[in-house]
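Residue numbers (this note's numbering): 182 to 512.
Yeah, the Cβ is synthetic: ideal placement off N, Cα and C, and Gly gets one too.
None of these values were measured; they are calculated from a predicted model.
Data block below; observations after.
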């Protein structure tokens, strides 16, 4: 954006007043073009059409069946070839009312684990949406993302001006370029947060508490970096940019780690959870912008305030279990 702005001013001789406004047409075109391509080229879900989402589960179970997976006794529906009596078969079905049949072939044993059944996305009702929204697990994820993504949006919007204030010799364009690096660090920070979360999950043998602790560790550390930046308010360029780079890693990693846990929470309503978490992250950006607005050019103060909020909110929801007690699926 600084380069586009400079091009309009230098090549087209526009005033800065007009140049920065016209510069926004470029990202606008990119965003709209990307949205159109997503609608036209992308499937409804990662496994295909929304209307055929159940078929993906059936296909996965068919593969598992063909590979000779051990079938838990409680989740088997007996067919003709098992030798089981009709009474036994009926009793098994009654004991697992939530089990659905997936037919692998005539006369074969058919099964679907309750876990798989509960991981199929269902069409949401108003009651289900509200239930998911007020769930402590959803609230915990929203609180963490409110701080990580919300603070990122707010800081992104003022970082160029903050650099320009503390380092006037940089000028507007160089300040903007250094500030842009804060967002660019998402390229490695956000994926690493999710990747490390999954690695921790693997080596703790599927312990979801490990994923959750990782989220809060990142959130609190992010808050500490914001406190350091805001309270130090450094006028040493290397120190400031180093602190901001450190903040960017933990902040971006926190975003990625958050969405590494999201699929485990209410898997049958994963879109609802994802939507609420993402929306609250944007809302956090609005609140952060208001904090910056009322502190005017005292950027350091606004940043350490965001740091305090991040630490307090992360610690406040750290005790909430990763998934609801008794939840089937999501592991």
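Which residues share a DSSP beta bridge with residue i?
| i | result |
| --- | --- |
| residue 354 | None, per the DSSP bridge assignment. |
| residue 226 | 229 |
Rounded to the nearest angstrom, how far is the Cβ of residue i from that of residue j, given a contact under 8 Å?
| i | j | result |
| --- | --- | --- |
| residue 428 | residue 485 | About 12 Å; that fails the 8 Å criterion. |
| residue 189 | residue 319 | Contact doesn't hold; Cβ gap of about 44 Å is too wide. |
| residue 410 | residue 395 | 23 Å between Cβ atoms; not a contact. |
| residue 469 | residue 487 | 6 Å |
| residue 451 | residue 302 | 6 Å |
| residue 453 | residue 310 | 6 Å |
Could you pull out every residue in the same chain whose Cβ sits closer than 7 Å to the Cβ of residue i, ignoring the five residues on either side in sequence?
| i | result |
| --- | --- |
| residue 317 | 501 |
| residue 490 | 328 |
| residue 354 | 183, 187 |
| residue 482 | 411, 476 |
| residue 403 | 329, 428, 431, 432, 435, 491 |
| residue 201 | 186 |
| residue 344 | 351, 356, 359, 360 |
| residue 313 | 319, 447, 450, 453, 454 |
To the nearest angstrom, how far is the alpha carbon of residue i from that of residue j?
| i | j | result |
| --- | --- | --- |
| residue 495 | residue 196 | 45 Å |
| residue 280 | residue 440 | The predicted position of residue 280 is uncertain, since its pLDDT is 41 and thus under 50; a value taken from the coordinates is nonetheless stated next. Spanning the two alpha carbons is a distance of roughly 29 Å. |
| residue 326 | residue 476 | 23 Å |
| residue 515 | residue 387 | Here the chain has residues from 182 to 512 only, and residue 515 is not among them. |
| residue 398 | residue 377 | 13 Å |
| residue 365 | residue 430 | 10 Å |
| residue 342 | residue 374 | 28 Å |
| residue 449 | residue 237 | 14 Å |
| residue 434 | residue 308 | 33 Å |
| residue 414 | residue 498 | 29 Å |
| residue 208 | residue 438 | 27 Å |
| residue 360 | residue 213 | 24 Å |
| residue 330 | residue 362 | 16 Å |
| residue 455 | residue 225 | 15 Å |
| residue 348 | residue 357 | 12 Å |
| residue 306 | residue 210 | 35 Å |
| residue 432 | residue 493 | 15 Å |
| residue 304 | residue 215 | 27 Å |
| residue 406 | residue 369 | 18 Å |
| residue 506 | residue 247 | 33 Å |
| residue 222 | residue 383 | 33 Å |
| residue 154 | residue 241 | Because the chain here runs from 182 to 512, residue 154 falls outside it and cannot be looked at. |
| residue 232 | residue 461 | 28 Å |
| residue 228 | residue 379 | 21 Å |
| residue 367 | residue 400 | 16 Å |
| residue 338 | residue 473 | 10 Å |
| residue 199 | residue 351 | 22 Å |
| residue 220 | residue 323 | 27 Å |
| residue 194 | residue 321 | 51 Å |
| residue 243 | residue 230 | 19 Å |
| residue 235 | residue 426 | 44 Å |
| residue 385 | residue 471 | 41 Å |
| residue 206 | residue 508 | 47 Å |
Please work out which residues of its chain come closer than 6 Å, Cβ to Cβ, to residue i, disregarding the five sequence neighbours upstream and downstream, and give them in chain order.
| i | result |
| --- | --- |
| residue 204 | 182, 185, 186 |
| residue 466 | 331, 334, 335 |
| residue 408 | 485, 488 |
| residue 340 | 360, 363 |
| residue 371 | 433, 436, 437 |
If you drop the 5 nearest sequence neighbours on each side, which residues of the same chain put their C-beta closer than 8 Å to that of residue i?
| i | result |
| --- | --- |
| residue 503 | 318, 389, 390, 392, 393, 442, 445, 446 |
| residue 346 | 478, 480 |
| residue 420 | 413 |
| residue 424 | 406, 409, 410, 413, 415 |
| residue 192 | none |
If we define contact as Cβ-Cβ less than 8 Å, is residue i a contact residue for chain B?
| i | result |
| --- | --- |
| residue 339 | Note that chain B does not occur in the displayed structure, where there is just one protein chain. |
Can you check the region 322–372 for any alpha helix (DSSP H) of at least 4 residues that lies completely inside it and give the ranges in chain order?
-> Listed in chain order, the complete alpha helix (DSSP H) runs (minimum 4 residues) inside the region 322–372 are 352–365.
Fully enclosed by the region 459–498, which beta strand (DSSP E) runs are 3 residues long or longer?
-> none
Of all the alpha helix (DSSP H) runs that stay within the bounds of the region 383–415, which reach a length of 4 or more residues?
-> 389–413
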